[in-house]
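**Q**
Numbering (our numbering), first residue to last: 3 to 78.
#1: Looking only at its own chain, which residues have a Cβ that is under 7 Å from the Cβ of residue 15, when we skip the five neighbours before and after it?
#2: Report the option in 52, 24 and 75 whose CA atom is closest to the CA atom of residue 40.
#3: Pull up the DSSP beta-bridge partners for residue 29, would you.
#4: Reducing DSSP to helix, strand and coil, say where residue 72 ends up.
#5: What residues in its chain sit with their C-beta under 6 Å from that of residue 31, if we drop five residues either side in the sequence?
#6: Mapping the DSSP letters down to three states, classify residue 42 as helix, strand or coil.
#7: By DSSP, does residue 59 sit in helix, in strand, or in coil?
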């Protein structure tokens, strides 16, 4: 285990055995005070055509990790 310069804790998990194995990994653990940031997606729905092109963006798939919070979008 070691803290990185970004403040995260890094942990090496060796897995079931020493050497090459499928479940060895490097884990990053971040401390987040308060609410977590939402997981967001922004996808263009019609992005092919000649200029000038009016593109519609979709946020389908966006969700809040703290389910009790309401998400609000501001296009400004």
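For each residue, glycine too, the CB sits at the ideal point set by N, CA and C.
**A** The answer reads as follows:
#1: Here residue 15 corresponds to residue number 13 of the chain shown, with the count starting at 1. Around residue 15: 26, 27 and 29.
#2: As a working mapping, residue 40 is identified with position 38 in the chain shown. Of 52, 24 and 75, the residue nearest in Cα terms is 75.
#3: Start at 1 with the first residue of the chain shown, and residue 29 comes out as number 27. DSSP output for residue 29 lists 13 as bridge partner(s).
#4: Counting from 1 along the chain shown, the entry for residue 72 is found at position 70. Looking at residue 72 - three-state DSSP - the assignment turns out to be coil, as it is neither helix nor strand.
#5: As a working mapping, residue 31 is identified with position 29 in the chain shown. Cβ within range, chain order: 11.
#6: Indexing the chain shown from 1 puts residue 42 at position 40. Here residue 42 sits in coil by DSSP.
#7: The count along the chain shown starts at 1 and reaches residue 59 at position 57. Three-state DSSP puts residue 59 in a strand.
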